[in-house]
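**Q** Just so we're aligned, residue 17 is where the sequence shown starts under my numbering, counting upward by one.
All C-beta atoms, glycine included, are put in the ideal place defined by N, C-alpha and C.
Below you will find the structure I want to go over with you.
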Amino acid sequence: MSDGNFNRALLPSTPYRSGMKMGMQQMRGKAIEAFRNLIKERFPEMKEEELQELIEAFRRRV
17 MSDGNFNRAL
27 LPSTPYRSGM
37 KMGMQQMRGK
47 AIEAFRNLIK
57 ERFPEMKEEE
67 LQELIEAFRR
77 RV
């Protein structure tokens, strides 16, 4: 009788899940960068520390 690890070792690897996670991380980074650019464009007089607070709030929600 074989155990599950032996059976799993015979199967080909499937990088689908890790690829999905990587894609989600990349899209999250792009969303945060787009948010930063939008805020800088719409509110050019905003101070850098206020901008960082908004970005952190956005990052917690994404």
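Suppose only complete runs of 4+ residues qualify. What are the alpha helix (DSSP H) ranges in the stretch 29 to 61, listed by chain order?
**A** List check, alpha helix (DSSP H) in window: 32 to 58.
**Q** Please list the terminal residues of the continuous alpha helix (DSSP H) segment that includes residue 27.
**A** Here residue 27 belongs to no alpha helix (DSSP H), and DSSP marks it neither H nor E.
**Q** Apart from the five residues on each side of it in sequence, which residues of its chain come closer than 7 Å, Cβ to Cβ, to residue 75?
**A** Excluding positions up to five away in sequence, the list reads 48.
**Q** Does the Cβ-Cβ distance between residue 52 and residue 78 come in under 7 Å?
**A** Their beta carbons are not under 7 Å apart, which means residue 52 does not touch residue 78 by this criterion.
**Q** Please report the distance separating the alpha-carbon of residue 33 from that of residue 26.
**A** Distance between the alpha carbons of residue 33 and residue 26: 19 Å.
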